[in-house]
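Here the sequence shown is numbered in full-length UniProt numbering, starting from 1 and rising by one per residue.
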Amino acid sequence: MASLRDRKRQLLNRLAELDHRLHDIEAELDTHQSKDWGELAVEREEDEVLEGMGASGLAEVKQINAALARIEDGSYGYCVRCGEEIAAERLDLLPATPFCRICAR
1 MASLRDRKRQ LLNRLAELDH RLHDIEAELD THQSKDWGEL AVEREEDEVL
51 EGMGASGLAE VKQINAALAR IEDGSYGYCV RCGEEIAAER LDLLPATPFC
101 RICAR
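Laid out in structure tokens, this is it:
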């Protein structure tokens, strides 16, 4: 089982990775300047994919920040819904999860 310090480091590393990825997405969205209608249509489709990836990344950032707050207040590793301890195996796979397996359903 990973220690709390290891979990925090894992979450912070993932947060840094997401921050880098989100900045890359933002930069990519700002670079389109095509004047051709066909290219603009393709760029718009690509933008929609990038925006979806950005929204997903922002949601994960929010989950990670909440998990880091739970580490700080001592409630990390306990389900926010039922209060039961979250299995270590589940936290190994989903370190930012706020729910035990049962409540996540």
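C-beta: ideal position from N, C-alpha, C; glycine also.
Item: Whether arginine 81 touches cysteine 103 by CB criterion (8 Å); Value: yes
Item: Beta-carbon proximity list for leucine 11, same chain, < 7 Å, skipping 5 on both sides; Value: Ile64, Ala67, Leu68, Pro95, Ala96
Item: Check whether glutamate 28 and leucine 50 have beta carbons under 8 Å apart; Value: yes
Item: Anticipated Cβ contact below 8 Å, residue 112 with glycine 54, distance rounded; Value: Since the displayed the chain opens at 1 and closes at 105, residue 112 lies outside it and no answer follows.
Item: Distance, proline 98 Cα to lysine 62 Cα; Value: 12 Å
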